[in-house]
Amino acid sequence: MAVELVKGNDALLRGAVLAGCRTFYGYPITPSSEIAESAASVLPTLGGTFVQSECEVAAIQMVYGAASAGERVMTASSSPGISLKQEGISYLVGSELPAVIIDIMRGGPGLGNIAPAQGDYFQMVKGGGHGDYRLIVLAPNSPQEMCDLAMLAFELADRYRNPAVVLSDGFTGQMMEAVEFPPPVSELPEKEWAVRATAETAGNLINSIRLDPEELEEHVINLFAKYARIEAVEARWEEVQTEDAELVLVGYGFVSRLLKAALGRVRSRGLRVGMLRPITLWPFPSQRLRELADTAKGFLVAELSTGQMVEDVRLAVDGRRPVAFHGRYGGAVPSVDELVAAIEKAYPEEGRSA
Amino acid sequence: MSNSAGSTVIQWPESLYHTFHRKPGGGQESTHYCPGCGHGVLHKLIAEAMDDLGIRERTIFLSPVGCSVFGYYYFNCGNVQVAHGRAPAVGTGVKRALPHSIVISYQGDGDLAAIGTSNILHAANRGESITVFFVNNAIYGMTGGQMAPTTLEGQRTSTTPRGRVIEETGYPLRMSELLSTLHAPVYIERVALTDAKHIMAARRAVRKALKAQVDGKGFSMVEVLSPCPIGWKMEPSKAKEWVKEHLMPAFPLGVYKDVIAEREPRVRSAPELNVEGVEELFAAEPTVERTGEPTWEGIAERYREPQIKIAGFGGQGVLFLGSLLANVALRKNFHVTWLPAYGPESRGGTANCNVVISQDPVASPMVSKPTVLMALNGPSLERFEPHLLPGGVLVYNSTLISQPPSRKDVEVVAVPATAVADELGHTRVANLVMLGAFLGHTGMFTQAEVEVTMDQTLKQAAMMELNRQAVERGFGSVG
Ligand SMILES: Cc1ncc(C[n+]2csc(CCOP(=O)(O)OP(=O)(O)O)c2C)c(N)n1
Ligand code: SF4
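Quick note, the sequences are listed as chains B and G, same order.
My numbering applies: residue 113 is where the first sequence begins, and numbers increase by one.
My numbering applies: residue 234 is where the second sequence begins, and numbers increase by one.
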């Protein structure tokens, strides 16, 4: 079987191309620029479009335009650039436009640094823009998933007419690992709602203004009915040795790999530790965490932030079990040793004696 | 604008809806604009031109945020409502997706000349093939009469209650003048909606601007001085006079740029799926054929499951060395990860990467305690030697590192990598000499396996012989 050793960022762009995306708008920012650079190299040779916009605000609005026209379209940025896109993201949701947004997170707040971080969980999962909405948020932890989840993001965005996000970090973007690429998508979904500059679509309107409160309320009700459908079927996660776990580790993206290494170490010492890795951050695998709280005696969440996803874990566990937290931030990354120590500290006493 | 009140229009243009079904209440025939407002007049001029040019069905009208936010109530074509100031960016996305479309970016002066200044400037500068109708009414109409960038000196608005003070707020922005300094735009004209004569001139300008787009010539803009009786707190007739007496002197009418005749039409094609193109493009990527089961058989226990750090200065090819080693292992069906230091850590002349090779899926690609260190220069040795695990392997470039490593609890392998590379005539293959030496010393992979991997993954056939020799010399150097 032929495989390629590919960087996460390259795998992601390739996944987007395989998913039928031919249009990229973006503004350079480390550590996401490589995605724009690959797009600039690949898309024009395929007859696609690459535009380096004047800023991130413009990029997301170009995405809005291309999405209105029915294109599979993407933009990629890193944290400060994502902050700038938030108004546009809210408009995309308001107008029910599918689009894919890549966030290769870096250290913040402010200009911060370009080291890997996970401080954008709130702004992506909880809605950094205005109004009531959700984004579909996918969190890869390997170059293979950078490809696979980029493809999935386009599919889900189109299926639900909602922006989808691939939320990753500098390490997952920069690392190389073996990737097996699926064949390219050969057919794209019809979008009869789009404005295509044709007689059939001349009556179409892409719009997010609803002046009448009742009308807007109804629109939001419809959006959230859609979100309920998404929550029911689209949550994805990976579980590692949870069957007998006294303590369940929860981490996403790059951190999950560190947790897995730590898990291997403590398992060999006889601690019954498992891991749940959310692959979709929204919809969040709350239901599964709730079930695990029936058997596990505690949870330990690790993030490259002061604790953002941990709030969702606590909501899911709902006070039934202690949820400990270990965070590093500002671009710092925990060592496996450090996580092993955190696990030992969080490991439930009852589990130890059992 | 009401569809019965057209003074100069005999026929109601098809490009405007006859009854405004999208307007709340439905089926109405009057617009939401105030009496005497310029927006309605301009809508009609645009719609007539769309009719005449036969472009209604392929026109996409972008309604801004401003009094014309509901442009889509009226225009009988594809409609997109956009964020404040961003129509030129949205238009860029629409037009590039649909090159056959006619994109109309309809904007007010707050929209275009304040919040969206950068977007209009860059769309114009890229020469996006869109047409902008810029309604300059020297005020923010929709939000209740605040100052616009085009508000005149001394003009009272709700945010300049004592009149606009230049020292505080700057001068009225002349966008047509500004944009006409750019090379890309093909046509920029300023007109006014006052009397019949000026409206006729406006009609010609609107048509010409749209025609330029139809002909694929590029970016066109018509700035329209337009009365806002409500914002100015005047009777409609007085407002028209005010345009003449105050706006026109500050914003002189005329053609600011017209190079339509001399520009060649530019035809873009729409993005397509082109599946074969994709397959062809990626078929050229370097893949390795995975063979067999990964095994450490015959390899000394201490070399198995290595955690490798490779470091040197930028330009020594340490990242490449790491990726080649990772590919050699991948071909043998091992699990591998490669992680570079990036950003500032990799600047200032240093570069390093981490490679993990394992029979099992690799959890963490970070190597903080390496079992193998390949140091290609002095600073790298200094920096990473302390982290090497006891019993580990330290391969160093003895040409550039005169002070041998001090650690006594690790295996030290000195390789005159740069000297050997120089003998081969290419300093830059020192990295491959290092790789050969490391593999030769540990027996981890064979020279033949490296060669096959290079054949499968490297594109430059011309370099192949040199690369092969460098690896060979590396293997030879540790005998
Ligand atoms: C991001 C954002 N900032 C501010 C506003 C509020 N706003 C709406 S319209 C407008 C000004 C409109 O003035 P202009 O563009 O001159 O159009 P007019 O109403 O005069 O036709 C402003 C400030 C907004 N909708 N969005
Ligand atoms: S406020 Fe001014 S620009 Fe707005 S509709 Fe009324 S007259 Fe026209």
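Note that CB positions come from ideal geometry on N, CA and C, so glycine has one too.
- Any idea if Asn-334(B) is buried or exposed, counting beta-carbon neighbours within 10 angstroms, 16 or more meaning buried? As a working note, residue 334(B) is residue 222 in the first sequence. Its Cβ having fewer than 16 others within 10 Å, Asn-334(B) is exposed.
- Roughly how many whole angstroms lie between the Cα atoms of Lys-197(B) and Asn-274(B)? To locate residue 197(B), count along the first sequence from 1; it is residue 85. To locate residue 274(B), count along the first sequence from 1; it is residue 162. Cα to Cα, the separation comes out at about 15 Å.
- Listing by chain order, which chain B residues have their CB less than 8 Å from the CB of Trp-571(G)? The residue given as residue 571(G) occupies position 338 in the second sequence. The answer, in chain order, is Leu-117, Met-287, Met-288, Glu-289.
- Task: For chain G, find out if any of its Cβ atoms is closer than 8 Å to the Cβ of Val-212(B); answer yes or no.
- Result: For the purposes of this step, residue 212(B) is taken as the residue at position 100 of the first sequence. No, no contact with chain G.
- Query: How should Val-551(G) be labelled, buried or exposed, when 16 other C-beta atoms within 10 angstroms of its C-beta is the threshold for buried?
  - Reply: Counting from 1 along the second sequence, the entry for residue 551(G) is found at position 318. Per the 10 Å Cβ criterion, buried.
- Query: To the nearest whole angstrom, what separates the beta carbons of Met-454(G) and Val-336(G), a pair I think is in contact under 8 Å?
  - Reply: As a position in the second sequence, residue 454(G) is number 221, starting the count at 1. As a position in the second sequence, residue 336(G) is number 103, starting the count at 1. Met-454(G) to Val-336(G), Cβ: 12 Å. No contact.
- Task: Kindly confirm or deny that the stretch 436-444 of chain B and the stretch 407-422 of chain B touch, where touching means at least three C-beta pairs closer than 8 Å.
- Result: yes
- Message: Which residue wins for smallest C-alpha separation from Gly-582(G), given the options Phe-553(G), Asn-566(G), Gly-548(G)?
- Response: Looking up residue 582(G) in the second sequence gives position 349. With distances taken between Cα atoms, Gly-582(G) lies closest to Gly-548(G).
- Would you report the Cα separation of Gly-271(G) and Glu-168(B), rounded to the nearest angstrom? Stepping through the second sequence from its first residue, residue 271(G) is reached at position 38. Stepping through the first sequence from its first residue, residue 168(B) is reached at position 56. Their Cα atoms are separated by approximately 33 Å.
- Among Met-467(G), Ala-425(G), Pro-485(G), which residue has its Cα nearest to the Cα of Ser-459(G)? Looking up residue 459(G) in the second sequence gives position 226. Comparing Cα-Cα distances from Ser-459(G) to each of Met-467(G), Ala-425(G), Pro-485(G), the minimum goes to Ala-425(G).
- What span of residues does the alpha helix (DSSP H) with His-431(G) cover, start to end? Start at 1 with the first residue of the second sequence, and residue 431(G) comes out as number 198. 429-447 is the extent of the alpha helix (DSSP H) around His-431(G).
- Query: Anyone know if the C-beta pair for Leu-295(G) and Ala-320(G) falls short of 8 Å?
  - Reply: Stepping through the second sequence from its first residue, residue 295(G) is reached at position 62. Stepping through the second sequence from its first residue, residue 320(G) is reached at position 87. It is a contact, given that the beta carbons lie within the stated cut-off.
- Query: Between which two residues does the beta strand (DSSP E) containing Met-186(B) stretch?
  - Reply: Against the first sequence, residue 186(B) aligns to sequence position 74. From DSSP, the beta strand (DSSP E) with Met-186(B) extends over 185-189.
- Using 8 Å as the Cβ pair cut-off and three pairs as the minimum, do the stretch 227-237 of chain B and the stretch 350-358 of chain B touch? no
- Item | Residues from the stretch 536-562 of chain G in contact with chain B, defined by Cβ distance under 9 Å | Gly-555, Ser-556, Ala-559, Asn-560
- Task: Compute the minimum distance between the beta carbon of His-221(G) and the heavy atoms of ligand 2, and state whether it is under 7 Å.
- Result: With chain G covering only 234 through 712, there is no way to say anything about residue 221(G).
- Item | Pro-603(G) beta carbon less than 8 Å from that of Leu-622(G) | Position 389 of the second sequence, counting from 1, holds the residue named residue 622(G). Position 370 of the second sequence, counting from 1, holds the residue named residue 603(G). Contact flag set, yes.
- Task: In angstroms with no decimal places, state the Cα-to-Cα distance between Cys-300(G) and Tyr-266(G).
- Result: On the second sequence, residue 300(G) is found 67 positions in, with the first residue counted as 1. On the second sequence, residue 266(G) is found 33 positions in, with the first residue counted as 1. Spanning the two alpha carbons is a distance of roughly 8 Å.
- Identify whether Met-697(G) lies in helix, strand or coil by the three-state DSSP scheme. Against the second sequence, residue 697(G) aligns to sequence position 464. Three-state result, Met-697(G): helix.
- Item | Buried versus exposed call for Asp-84(B) [16 or more other C-beta atoms within 10 Å across all chains shown] | With chain B represented from 113 up to 466, any question about residue 84(B) goes unanswered, as that position is not in the structure.
- Message: Does any residue of chain B have a CB that is nearer than 8 Å to the CB of Leu-665(G)?
- Response: Sequence index remark: in the second sequence, residue 665(G) carries index 432 (1-based). Output row for Leu-665(G): interface = no.
- Query: Taking Leu-691(G) as the reference, which of Gly-624(G), Arg-397(G), Arg-407(G), Ser-556(G) has the closest Cα?
  - Reply: For the purposes of this step, residue 691(G) is taken as residue 458 along the second sequence, with counting starting at 1. The option with the nearest alpha carbon to Leu-691(G) is Ser-556(G).
- So, does the CB of Tyr-373(G) fall closer than 8 Å to a CB anywhere in chain B? Locating residue 373(G) in the second sequence gives position 140, counting from the first residue. It does not; no Cβ of chain B falls within 8 Å.
- What residues from chain B crowd round Ile-293(G), counting only those whose CB sits closer than 7 Å? Working through the second sequence from its first residue, we reach residue 293(G) at position 60. Within chain B, the residues near Ile-293(G) are Val-307, Ala-309.
- Taking Cβ-Cβ distances shorter than 8 Å, what residues in chain B pair up with Asn-610(G)? Numbered from 1 along the second sequence, position 377 holds the residue referred to as residue 610(G). Per Cβ cutoff of 8 Å: no residues; Asn-610(G) is ~22 Å from chain B at best.
- Query: With distances taken between CB atoms, is the gap from Leu-250(B) to Leu-261(B) smaller than 8 Å?
  - Reply: In the first sequence, counting from the first residue as 1, residue 250(B) sits at position 138. In the first sequence, counting from the first residue as 1, residue 261(B) sits at position 149. Taking 8 Å as the Cβ cut-off, Leu-250(B) and Leu-261(B) qualify as a contacting pair.
- Please compile the residues from chain B whose C-beta is within a distance smaller than 9 Å of the C-beta of Glu-410(G). Along the second sequence, read from residue 1 onward, the residue named residue 410(G) stands at position 177. None at all; the shortest Cβ gap to chain B is about 21 Å.
- Query: Any Cβ of chain B within less than 8 Å of the Cβ of Pro-498(G)?
  - Reply: In the second sequence, the residue the question calls residue 498(G) occupies position 265. With 8 Å as the cut-off, Pro-498(G) does not count as an interface residue toward chain B.
- Would you call the CB atoms of Val-646(G) and Val-626(G) closer than 8 Å? Sequence index remark: in the second sequence, residue 646(G) carries index 413 (1-based). Sequence index remark: in the second sequence, residue 626(G) carries index 393 (1-based). A contact, by the Cβ cut-off of 8 Å.
- Message: Please report the straight-line C-alpha distance between Ile-421(G) and Arg-496(G), rounded to a whole angstrom.
- Response: Here residue 421(G) refers to the residue found at position 188 of the second sequence. Here residue 496(G) refers to the residue found at position 263 of the second sequence. Taking the straight line from one Cα to the other gives about 14 Å.
- Query: What three-state label does DSSP hand Ile-422(G) in the structure shown?
  - Reply: As a first step, residue 422(G) is located in the second sequence; it is residue number 189 there, counting from the start. Going by the sequence as given, residue 422(G) is Glu instead of Ile. Residue state, collapsed to three classes: strand.
- Would Ala-211(B) pass as a contact of Ala-179(B) if the rule is Cβ separation under 8 Å? Residue 211(B) sits at position 99 when you count from the first residue of the first sequence. Residue 179(B) sits at position 67 when you count from the first residue of the first sequence. Yes, these two residues count as a Cβ contact at 8 Å.
- Message: For Val-302(G) and Gln-314(G), what's the separation of their Cα atoms in angstroms?
- Response: Mapped onto the second sequence, residue 302(G) falls at position 69. Mapped onto the second sequence, residue 314(G) falls at position 81. Each residue's Cα considered, the two are about 7 Å apart.
- Under 7 Å from any heavy atom of ligand 2, does the C-beta of Asn-312(G) make it? Working through the second sequence from its first residue, we reach residue 312(G) at position 79. Asn-312(G) Cβ: outside cutoff for every heavy atom of ligand 2.
- Output, in sequence order along the chain, the residues in the stretch 512-535 of chain G whose CB is closer than 9 Å to any CB in chain B. Glu-512, Leu-514, Phe-515, Glu-518, Pro-519, Thr-520, Val-521, Glu-522, Arg-523
- From Gly-273(G), Gly-318(G), Ser-248(G), Gly-326(G), pick the residue whose C-alpha is nearest to that of Thr-292(G); which is it? Taking the first residue of the second sequence as position 1, residue 292(G) is located at position 59. Considering only alpha carbons, the answer is Ser-248(G).
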